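*Asks:*
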Amino acid sequence: MKHLLLTLTLLTSFFASAQTDFLNHLIIDNTFSVFYISCTVAIDVDDDGDLDLVSGASSGDRIAWQENIDGLGTFGDIKIITENAKAVVSLIAADVDNDGDLDLISASKNNQTLAWYENRDGTAGFGSQRIISSDLSYLRTAAASDIDGDGDLDILISAEYNIKWFENLDGAGSFGNLRTIDTDAWGSMAIATADLDGDGDMDVISNTSSTIDNYIHINWYENLDGQGTFGTPTLLYDFASEPNYSVYSKIYTSDLDDDGDSDILFFTNHEIWWVENTDGQATFENHLVDQRYQRNRYMNLEVTDMDEDGDLDIASAGLEAGDPDRIAWFENTDGEGTFGSLLDIARPDLDTTGILVADLDGDGKKDITKSAAFEPCLVWYKKLDNQGSFDSEQVISKFFSHPKQAQAIDVDGDGDLDVLYLVDQALVWHENLDGAGTLSSQHLIKNHFYLGYVASDFNGDGLIDIAAGQGNNFIWMENLGGGNFGAENNITINVNVLSTPQASDIDSDGDMDIIYIKSINSSLTYIVYLENNGSGGFAAPENLTFVQSQIGSLHLTDLDGDMDVDLMYSKASGSAKIAWIENTDGQGTFGSPVFINNNTGGRLTTGDIDGDGDLDILVAHDITEIEWLEHLDGMGTFGPLQRISGSIDVRGANDLRIVDIDNDGDNDVLVASDENSNLIWYENLDGEGDFGTKNIITDTTPDPNSAFPADLDNDGDFDIILSSDGVPAKGVSWLENIGLSNNRIQGDVTLDIDANGCSPSDLPIGNVMVTTSNNTETLATFTFANGYYQIYPMQEGEYTTEIVSLPSYFSSDPESHINQFAGVNNVVVADFCVAANQTVNDVNITMYPLNSARPGFGASYIVNFNNVGTTVLSDVITIEFDGSKMEFSNASEPVSSQTSEAITFDYLELNPFESRSIEMHFQVYTIPTTNIGDVLSFRTTIEPTSIDTTAEDNVFTFNQTVIGAYDPNDIAVLEGESIYLEEANDYLHYIIRFQNTGTASAQNVVVKNRFDEKLDWTTLKLEAISHSTRVEIRNENDLAFIFDNINLPDSIHNEPASHGYISYKIKPKPNVVLGDIFYNKANIFFDFNPGIETNRVSTEIIEFLGTEDSSAPFQFAVYPNPAKNILYLNSKNKISSVQLFSNLGQLLIESRNSNTINLHNLISGIYILRVMDDNGNIGVRRVIKE
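Residues -18 to -1, 1 to 1168 (mature numbering (1 follows the signal peptide of the UniProt record, and there is no 0)) make up the sequence shown, in order.
The following block contains the structure:
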């Protein structure tokens, strides 16, 4: 059973339901996207050297930007700039306030508003909306240019029948002095500026519509005085507008013929023209670039050097009558304005609104971004070379409209459940990053008009594939691994797939077949079977039965308990509404329909409601009720309808599930209902189908259409994946089942120091393990430093609470507490008074590395020592190290004596159960004194050893290999990759190190550590821990260290304080054997960020291969053996010399006061190792060099 730390984010809310609580985690909704995008510009908003994207909506009121996270075209979620720009028609990046960065200008027609937004120094996004004018009727477009020649940017607009401009009065974005250029510019939708006549000021080009001749005119206006006084319009080109089609035109200025003056480019629905400025003084000549079929319409152009040949080409986006849209380009073949034929870049789906040319991935090539009215609203195409070749579409914006069929399934094959759903006819998924429900951003599988899908392994490779209805076709896509899917494979065409297909092994041949519904008309429907050949090839469709009605619900299940798959369905109209069809031979031969009930219909499912081992039927009544039918004999005979209490007011049940919501061992009922936007459940009170009243999980989710139960966070209960398609909120979320409301056991553990019973004057005992169990649930925690603990039982019944692994020379009063729980929210106090029953002197010591040792860098270590005896002790600690490779810098405690290879510390009055630590800092010498691969050896000793009951743990040796680089979030086991079977009774020492490498302090940190099940959790001892923590243990090997309010600084602002660590020791279980391997790893969570998974360490029990001199009075271990490079020695005695001989007796290596030998320069073979301790005792081993 589980303990949970409840942490709420901005995207998280808390749902309570009777005795079961849910935490709502939003996955996607309309806050993640800009819809109906009309304008997009590329700006380095955050001043990090890459281009971000800013978009405005033509339908709605939102302008937002998306960060280019890695500079390679990976974009984050949207960040809102404003939600007061209703129907954006222009979006301009320009330095409005003359401060050197690009601000933003927007024109929005539905609220008649022209506004700008300050770029706040490129670090904090954009400021609030600054309105220039909110009274511009029929606002159609805007442009920015220095109209009056005063060195700042003014703004031009087309509104109603006028072309006007606003003067930037102070160069800092204060606008006024609205001046008119033309009062008879009816229908103007495009404005551009350029110095057309070569007089050094900005002229204006625009288009207008004529109410007299129904023609569109392209005009230019001369800036007469360079201060914004304009002459009458001069006609450049006119064309007839198309009947029944709105005119769409835009104007661009650029030097297309490379002659040093500004030319004009424009399109008029289905034509592209450029107007050559022949003399730089506004003498013009028109040139046709492209003329297309009248119903093919251009939507946007960009002037850019597409092929990197030094001249300006034209990129275009257009609509194709009856076909997908077209993004293409025209090459400027001679650099003088002679353009070639249309060259395709992409043929996206419909609803393209524009393109943008910009280098999104920082490779120096100009990529293309496409905006669209419908999802995906923003995609980009990477430019591959200098010849105009582009990669396939990459989605930038998120899909959120019309989500349905949300479910939890292992999409990427990594063993945990991801989230998959259909949204606006696209298939998307989110990766479960840590197996605990931390989800990635949205991944697109395919956007291709899918109507419904089923996920299953269709080709027998162990990965989940997808089959989907697509219009009148039915396709499947192979999962290639890692959530990457192959091309669509047609299963069958012209099938009229009406509802969500389903998959099951219909013919009992071990592969997954498909069943779907085929609608002929409103009164005739077929149930169709597609047989799978085992590799994803499907036979021709086989009609299993026809129904003279639309089918309300189809369900595949073994209804008669004969180990094959039967069919059950409900009719949407008429009599005899629920029926089932037996799979008579288990091979897909179906009998005739057997009608179960004529009085009800609607959505249905099956499950064991009454706990008798067979499948009952649950049905959502087509009017108001939820009812169930008991399966009487397990062979298809059903009892009468039984209404679930309190369900009479449930309408519009879109999803219906039988699932154990409250984790009490019986099946409850879950309903997603349109009525009052409810997700509700009914508790099965007795496990036999007697249901309680309605429990509301949430009533704020409009039109929930699917509620999929699954254990997304892998904590042993059912969470819910919920999708909804209501107004205003459409979205997908997962509801974390945080279990029943808990009972609580709490208390204090105290040491009776004066043998007269525990009182407030006695010592609290920290870091002792306390467990409670009712024989089905066992929970554990450690006491805090003040002796206090809390445990939260989640079941009713009798719990026994006790201290674990208390040494025999201590007694606990009482030995255990027994408490009876009925219901929830009970609190009991269970104190323990611990007293010594004999005199024992016992201290121990360990040492852990706090970071990796690197040449030329500092290396830090923590020495942890404990009094596990019954007396108060004072004495000396000695740390010996290799002074030839490193030097001591400082420590957290005063040093009592020091040499070049040893330091000592005094400790005073170490109480029983007390733990202390000393942090030490060394400087590792640079290369060549200390090299990568060298081994640093340490030996720590705590006195008194002469009177210590277990003197062997008064000495601790530790070896650390010098490395070149490291991961600051890791786990290490000090014993290394192997131990001997003789050492399996000793502790393994682990240290988990973490660092906040983000850009802000982490308020909370959680470290989850699932250690190997072959390690004995009852022997777990906490050692040094960097910060105050709360520890929880569940399932015997799931360990959680919870650092609430740690406020861990980030490494940028305070690198030394950005680190933390956890050290503990634990013994293998007594039944381990030779060859057993102990694995361990951790997941580290900083606030609400995805977990960081550490490396995995392993320690194997290996066979002892050496030979031993029988005269040796001391024992030592050699590992690993065989060895490739470094050979380690471990002994309770201090090793004074080590010699390595060849088989011929030749001395090859000799060292003194070292616990390691480097075999790197030796050839593979067998060698003799001779070891002497400081008392002159000798031992011999045979070792193997790989």
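Ideal placement from N, C-alpha and C gives every residue a C-beta, glycine not left out.
Keep in mind the model is a prediction, meaning the values are calculated, not measured.
1. Return the Cβ separation of Ile509 and Ile497 in integer angstroms, given the expectation that the two are a contact with Cβ distance under 8 Å.
2. Helix or strand or just coil, what does DSSP make of Leu963?
3. Using 10 angstroms around the beta-carbon of Pro483, count the other beta-carbons present and answer buried if the total reaches 16, otherwise exposed.
4. For Asn724, tell me which candidate among Met776, Gly1161, Gly417, Ala692 has the shortest Cα-Cα distance.
5. CB Ile859 to CB Phe870, shorter than 8 Å?
6. Would you list, in sequence order, the uninterrupted beta strand (DSSP E) runs of no fewer than 3 residues that lie entirely inside the segment 282 to 353?
7. Counting pairs of Cβ atoms below 8 Å between the segment 831 to 841 and the segment 893 to 913, do you hit three or more?
8. What are the start and end residues of the beta strand (DSSP E) that includes Ser793?
9. Only counting the same chain, and skipping five residues up and downstream in sequence, which positions put a Cβ closer than 6 Å to that of Ile74?
10. Just the C-alpha distance for residue 1225 and Phe803, rounded to the nearest angstrom, thanks.
11. For Ala1039 and Ser1008, I'd like the C-alpha separation in whole angstroms.
12. Whose C-beta lies closer than 6 Å to the C-beta of Cys815 among residues of the same chain, with five residues either side of it excluded?
13. In chain order, which continuous runs of the alpha helix (DSSP H) of length 4 or greater are located wholly inside the segment 166 to 218?
14. Cβ atoms of Val1079 and Gly1042: under 8 Å apart, would you say?
15. The beta strand (DSSP E) that contains Ser705, what's its start and end?
16. Closest to Phe863 by CA distance: which of Ser842, Ser919, Glu896 is it?
17. If you draw a straight line from the alpha carbon of Pro686 to that of Ile9, how long is it in whole angstroms?
18. Under a three-way DSSP split, which group does Asp935 fall into?
19. Among Thr260, Ser1118, Asn636, Gly769, whose alpha-carbon lies nearest the alpha-carbon of Gly242?
20. May I ask you to list the residues that DSSP assigns as paired with Glu524?
21. In whole angstroms, give me the CA-to-CA distance for Phe356 and Leu717.
22. Using the rule of at least 16 other Cβ atoms within 10 Å of the residue's Cβ for burial, across every protein chain shown, is Gly434 buried or exposed?
23. With DSSP as the reference, label Pro1031 as helix, strand or coil.
24. Excluding the 5 residues preceding and the 5 following Gln369 in the sequence, name in chain order all residues of the same chain whose CB lies nearer than 8 Å to its CB.
25. Terminal residues of the continuous beta strand (DSSP E) containing Asn846?
26. Using 8 Å for Cβ pairs, my map puts Tyr1110 next to Thr1138. What's the rounded Cβ distance?
27. Taking the CB atoms as reference points, tell me whether Ile1084 and Ser897 lie closer together than 8 Å.
28. Assign Ala737 to one of two classes, buried (16 or more other C-beta atoms within 10 Å of its C-beta) or exposed (fewer than that).
29. Quick one, are the C-beta atoms of Met550 and Thr588 less than 8 Å apart?
30. Would the beta-carbon of Gln387 fall within 8 Å of that of Ser688?
31. Can you find at least 3 beta carbon pairs, one from the segment 641 to 654 and one from the segment 698 to 708, that sit closer than 8 Å?
32. Output needed for Ile62: all residues of its chain with C-beta closer than 6 Å, excluding positions within five of it in sequence on either side, in chain order.
33. I need the boundaries of the beta strand (DSSP E) containing Ile254, first residue and last residue.
34. In whole angstroms, give me the CA-to-CA distance for Ile643 and Glu665.
35. If I measure Cβ to Cβ from Asn472 and keep anything under 8 Å in the same chain, skipping five residues before and after, which residues do I get?
36. Quick test of your reading: Gly465 and Val393, contact by CB under 8 Å. State the CB separation rounded to the nearest angstrom.
*Replies:* So, to answer that:
1. Locating residue 509 in the sequence shown gives position 527, where the first residue counts as 1. Locating residue 497 in the sequence shown gives position 515, where the first residue counts as 1. Confirmed, about 7 Å.
2. Taking the first residue of the sequence shown as position 1, residue 963 is located at position 981. Correct three-state label for Leu963: helix.
3. On the sequence shown, position 501 is the one that residue 483 refers to. Buried, because 16 or more other Cβ atoms sit within 10 Å of the Cβ of Pro483.
4. Against the sequence shown, residue 724 aligns to sequence position 742. The shortest Cα separation from Asn724 among Met776, Gly1161, Gly417, Ala692 belongs to Met776.
5. Numbered from 1 along the sequence shown, position 877 holds the residue referred to as residue 859. Numbered from 1 along the sequence shown, position 888 holds the residue referred to as residue 870. Their beta carbons are not under 8 Å apart, which means Ile859 does not touch Phe870 by this criterion.
6. 295 to 301, 308 to 314, 321 to 328, 334 to 340
7. yes
8. Position 811 of the sequence shown, counted from the first residue, corresponds to residue 793. Looking at the DSSP string, the run of the beta strand (DSSP E) that includes Ser793 is 792 to 795.
9. To locate residue 74, count along the sequence shown from 1; it is residue 92. Here the set comprises Ile87, Ala126.
10. Because residue 1225 is not part of the residues shown, which for the chain are -18 to 1168, the question remains open.
11. Position 1057 of the sequence shown, counted from the start, is the residue given in the question as residue 1039. Position 1026 of the sequence shown, counted from the start, is the residue given in the question as residue 1008. The straight-line gap from Cα to Cα measures roughly 10 Å.
12. Along the sequence shown, read from residue 1 onward, the residue named residue 815 stands at position 833. Thr732, Asp734, Cys740, Asp795, listed in sequence order.
13. none
14. Locating residue 1042 in the sequence shown gives position 1060, where the first residue counts as 1. Locating residue 1079 in the sequence shown gives position 1097, where the first residue counts as 1. Contact: no.
15. As a first step, residue 705 must be located in the sequence shown, where it is residue number 723. Start and end: 701 to 707.
16. The sequence position of residue 863 within the sequence shown is 881, counting from 1. Ranking the options by Cα distance to Phe863, first place goes to Ser919.
17. Taking the sequence shown and counting its residues from 1, the one referred to as residue 686 is at position 704. Taking the sequence shown and counting its residues from 1, the one referred to as residue 9 is at position 27. So the alpha carbons of these two residues sit roughly 15 Å apart.
18. Here residue 935 is taken as the residue at index 953 of the sequence shown, counted from 1. In this structure, Asp935 counts as helix in the three-state DSSP scheme.
19. If you number the sequence shown from 1, residue 242 lands on position 260. Of the listed residues, the one whose Cα sits closest to Gly242 is Thr260.
20. Translated into the one-based positions of the sequence shown, residue 524 becomes position 542. Paired residues: Tyr511.
21. On the sequence shown, position 374 is the one that residue 356 refers to. On the sequence shown, position 735 is the one that residue 717 refers to. Distance between the alpha carbons of Phe356 and Leu717 is about 29 Å.
22. Counting from one through the sequence shown, the residue named residue 434 turns up at place 452. Flag for Gly434 reads buried.
23. Taking the first residue of the sequence shown as 1, we reach residue 1031 at position 1049. The answer is coil: DSSP assigns Pro1031 none of H, G, I, E or B.
24. Translated into positions along the sequence shown, residue 369 becomes position 387. Once the five neighbours on either side are set aside, the close Cβ partners of Gln369 are Asp289.
25. As a first step, residue 846 is located in the sequence shown; it is residue number 864 there, counting from the start. 840 to 849 is the extent of the beta strand (DSSP E) around Asn846.
26. Mapped onto the sequence shown, residue 1110 falls at position 1128. Mapped onto the sequence shown, residue 1138 falls at position 1156. That belief holds up - the Cβ atoms of Tyr1110 and Thr1138 are roughly 6 Å apart, short of 8 Å.
27. Counted from its first residue, the sequence shown places residue 1084 at position 1102. Counted from its first residue, the sequence shown places residue 897 at position 915. Not in contact: Ile1084 and Ser897 (Cβ atoms no closer than 8 Å).
28. On the sequence shown, residue 737 is found 755 positions in, with the first residue counted as 1. Under this definition Ala737 is an exposed residue.
29. For the purposes of this step, residue 550 is taken as residue 568 along the sequence shown, with counting starting at 1. For the purposes of this step, residue 588 is taken as residue 606 along the sequence shown, with counting starting at 1. Yes, they are a contact pair.
30. Within the sequence shown, the letter at position 405 stands for residue 387. Within the sequence shown, the letter at position 706 stands for residue 688. Yes, the Cβ-Cβ distance between Gln387 and Ser688 is below 8 Å.
31. yes
32. Translated into positions along the sequence shown, residue 62 becomes position 80. Closer than 6 Å at the Cβ level, and outside the excluded window around Ile62, lie Ala46.
33. As a working note, residue 254 is residue 272 in the sequence shown. Ile254 -> beta strand (DSSP E) spans 253 to 259.
34. Position 661 of the sequence shown, counting from 1, holds the residue named residue 643. Position 683 of the sequence shown, counting from 1, holds the residue named residue 665. Approximately 8 Å, taken between the alpha carbons.
35. Position 490 of the sequence shown, counted from the first residue, corresponds to residue 472. So the qualifying residues of the chain are Asn455, Phe456, Ile457.
36. Indexing the sequence shown from 1 puts residue 465 at position 483. Indexing the sequence shown from 1 puts residue 393 at position 411. With 8 Å as the limit, Gly465 and Val393 qualify as a contact, their Cβ atoms being about 5 Å apart.
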